[in-house]
Amino acid sequence: MEDRASPVYQARYGWDLRTIGIVAGGAVFTAAMLLLDMPLVMKILGLALFGAGGLSMAYMAYMASSRKVAFRVDETGVLLGGSPIRYSATTAHVPWEDITGFVLWRQAVPGASLPYVGVTRREGAPALPGDGPKARAILEHLVPVPADIAMSSRAVNGWRIDKDRLVAAVSHFAPDIPVRDHS
């Protein structure tokens, strides 16, 4: 449990309704494929088609159980937590001297939208993991924010964001840095 009185803002990957729903739905589907009386061909086809969904379900369960830091604002700057499976390789720390602002934004996904939190960085700031010309070219066509912001953003997926605590932490550690909500 995070100390709500501390000026540090930290969010961890964990179980939320979406994650529970995905994992439970996948488990029910798997049980149905194995237990219902249906032709073997249908069971094999159903389980084969479920392969990608099963990997997604396993990833979501691992992510929720990892309790790794997804996002942190403290006296040193901002920790952009990485993917739980490749956490060390995809986690980035952005020091306060490189940050010019925060942006809350949304990405359209089929049937919904996914919230993101990101930082805007000063010109010439060191590249973050995954940054490169190919990634930027793809992002230019896929996201509603500039590629620089997308590269320094994290999806609020498998964790929750508390906007009030985020704003309070930024105000405490860097009072001149704005937090813009474009979501």
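All you need for the working numbering is the position in the sequence shown, starting with 1, plus 530. Glycine included, every Cβ here is placed at the ideal spot set by N, Cα and C.
Proximity of residue i and residue j at Cβ, strictly below 8 Å
i: Leu696; j: Val603; result: yes
i: Ala698; j: Val538; result: no
i: Ala622; j: Tyr543; result: no
i: Ala600; j: Ala642; result: no
i: Val639; j: Met587; result: no
i: Leu610; j: Ser682; result: yes
i: Thr549; j: Met590; result: yes
i: Gly576; j: Met563; result: yes
i: Arg690; j: Ala677; result: no
Cβ separation of residue i and residue j, assumed to be a contact under 8 Å, to the nearest whole Å
i: Leu669; j: Ala680; result: 5 Å
i: Glu605; j: Phe703; result: 6 Å
7 Å CB neighbourhood of residue i in its chain, flanking five on each side removed
i: Leu644; result: Arg636, Gln637, Ala685, Asn687
i: Ser613; result: Thr620
DSSP bridge partner residues for residue i (one or two, in chain order)
i: Gly648; result: Val633, Ser683
i: Asp604; result: Gly607
i: His623; result: Leu609
i: Val697; result: Partner(s): none; Val697 has no beta bridge.
heavy atom of the ligand MN below 7 Å from residue i C-beta
i: Lys664; result: This structure lacks the ligand MN; in fact it carries no ligand of any kind.
Beta-carbon contacts of residue i that lie in its chain and below 8 Å, excluding the five residues immediately before and after
i: Ala655; result: Val624, Asp628
For this session: Inspect the CB distances between the segment 645 to 658 and the segment 617 to 636 and report whether three or more fall short of 8 Å.
Result: yes
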